[in-house]
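**Student:** Before anything else, here's the structure in question.
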Amino acid sequence: MLRIERVAVAVEGRIVVKRASLELRRGEVNLLLGPNGSGKSSLLNAVMGHPKYVVVAGKVLLDGNDITHLNPEARVRLGLALAVQHPPRIRGVRVGKLLEKLVLRRVKSVQEAMKEVQNIAKLLNISHLLDRDLGVGFSGGEMKRIELASLMALRPRIALIDEPDSGVDVDSVLLIAEAIEEMMSMGTQSILIVTHTGLIAKHVKHHRAYVMVDGEIVAEGSSERILPMVLEHGFSAVVSCAVKRDE
Numbered sequence: 001m002l003r004i005e006r007v008a009v010a011v012e013g014r015i016v017v018k019r020a021s022l023e024l025r026r027g028e029v030n031l032l033l034g035p036n037g038s039g040k041s042s043l044l045n046a047v048m049g050h051p052k053y054v055v056v057a058g059k060v061l062l063d064g065n066d067i068t069h070l071n072p073e074a075r076v077r078l079g080l081a082l083a084v085q086h087p088p089r090i091r092g093v094r095v096g097k098l099l100e101k102l103v104l105r106r107v108k109s110v111q112e113a114m115k116e117v118q119n120i121a122k123l124l125n126i127s128h129l130l131d132r133d134l135g136v137g138f139s140g141g142e143m144k145r146i147e148l149a150s151l152m153a154l155r156p157r158i159a160l161i162d163e164p165d166s167g168v169d170v171d172s173v174l175l176i177a178e179a180i181e182e183m184m185s186m187g188t189q190s191i192l193i194v195t196h197t198g199l200i201a202k203h204v205k206h207h208r209a210y211v212m213v214d215g216e217i218v219a220e221g222s223s224e225r226i227l228p229m230v231l232e233h234g235f236s237a238v239v240s241c242a243v244k245r246d247e
C-alpha cells in the first residue's frame, strides 16, 4: 500500500531525513521508533506533503503510484491522514462541529454524522468536550484524544499517528490504544505509529518495527524482535548491533 523508497527530507535547506525506506502493507500496524529529534515526525510530515518538509530524493508510493509531489489535500482524498504530535488550539472552533465536518466529508446525512461523532466521543471519553473551543484549557491527554477522534472521523485508508503516547497519562494511552484497534475494524487498512517511548506498543497489536536514529532507518524487522531490544537496551544498542533487515 504505502511505500517510502530512499526518501531524503530537507527543512529550510537542512537534511533531516537521510534516504529512509519503509513499507506499510494492508492489515498492518507498524511502529516507527526512535529518540526525540531523530527525524520521525519530519518523515511523516513529508509523506503527507507538508510544504515545509521537502522531499529532495526518493519517492513516496501509494498503491504503486508516485504521490511524492501531490499536495496534502490530494493525499487526504486518496486516503492518507496524519494525527500530529502537537494538535493546534483554536478559539471559536467547537470540537463537536469540527468532528461533524470531518465525518461529512464521507457521509451525506447530518444526522448520521452527529451520531457517529457521539460514538467516537464516547469511545475516547471526550463527550464533555464537544461544546468547547478546540484545545482551550485542555490537558495533554485530552488534546491527544481529540486528535485521534479527528482521525477516526476521517476514517482514512492509511493512518499516520505521531507520538500518541507522549506526554499523556496512562488512562489516555489506554483509550487511544482502544481507538486504534477500533479504527482497524472500521475500515482503516494500515496504521503507522511513531513513538519514542514504546508505551503505546504495549496496548496495540503490531507487526513490524523500524528504528530511526539521526535521520536514518538503522534497523527494521518484526516488532516482536525489535521492540524488546529497544525497550531493554535503548536505541544505541540497536545501532551497535546493526540489526539486519527482514524480508
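Here the sequence shown stands for residues 1 to 247, where the numbers follow the UniProt record's numbering. C-beta atoms are modelled at their ideal positions from N, C-alpha and C, and glycine is treated no differently. It should be emphasised that the depicted structure is a prediction, and the values quoted were computed from it without experimental measurement.
Would Asp169 be called buried (16 or more neighbouring beta carbons within 10 Å of its own) or exposed?
**Tutor:** Exposed is the call here.
**Student:** Quick check on this structure: which residue in Gly92, Asn119, Ile90 and Val47 has the alpha carbon closest to the alpha carbon of Pro72?
**Tutor:** When each option's Cα is compared against that of Pro72, the closest is Val47.
**Student:** When the Cα atoms are used, what is the spatial distance from Ser185 to Met152?
**Tutor:** Rounded to whole angstroms, Ser185 to Met152 spans 11 Å at the Cα level.
**Student:** With a Cβ-Cβ cutoff of 9 Å, do Ser150 and Pro228 count as a contact?
**Tutor:** Cβ atoms of Ser150 and Pro228: not closer than 9 Å.
**Student:** What residue range is occupied by the uninterrupted beta strand (DSSP E) comprising Val55?
**Tutor:** Here the beta strand (DSSP E) through Val55 covers Tyr53 to Leu62.
**Student:** Sort Leu78, Gly96, Leu192 and Lys59 by Cα distance to Leu127 and report the nearest one.
**Tutor:** Per the sequence shown, the amino acid found at residue 127 is Ser instead of Leu. With distances taken between Cα atoms, Ser127 lies closest to Gly96.
**Student:** Quick one: using the 10 Å Cβ neighbour count with 16 as the cut-off for buried, is Asn119 buried or exposed?
**Tutor:** Per the 10 Å Cβ criterion, exposed.
**Student:** Check for me: the beta strand (DSSP E) holding Lys40 runs from which residue to which?
**Tutor:** Note, Lys40: premise wrong, no beta strand (DSSP E); alpha helix (DSSP H) at Lys40 to Val47.
**Student:** Decide if Ile176 is buried, meaning its Cβ has at least 16 other Cβ atoms within 10 Å, or exposed.
**Tutor:** It is buried - the Cβ of Ile176 has at least 16 other Cβ atoms within 10 Å.
**Student:** Which residue wins for smallest C-alpha separation from Asp133, given the options Ile90, Leu80, Glu216 and Glu182?
**Tutor:** Asp133 has its Cα closest to that of Ile90, out of Ile90, Leu80, Glu216 and Glu182.
**Student:** So Val29 and Ile217 are in contact, right, with Cβ under 8 Å, and what is the actual spacing, rounded?
**Tutor:** Incorrect: roughly 18 Å between the Cβ atoms, too far for contact.
**Student:** Hey, which unbroken runs of the beta strand (DSSP E) at 3 residues or more fall wholly within the segment 95–162?
**Tutor:** If we require 3 residues or more, the beta strand (DSSP E) runs fully inside the segment 95–162 come out as 158–162.
**Student:** Determine, using beta carbons only, whether Gln189 and Arg19 come nearer to each other than 9 Å.
**Tutor:** No, the pair does not count as a contact, with Cβ atoms beyond the cut-off.
**Student:** What first and last residue would you give for the beta strand (DSSP E) that runs through Glu28?
**Tutor:** Run containing Glu28: none; DSSP gives neither H nor E here.
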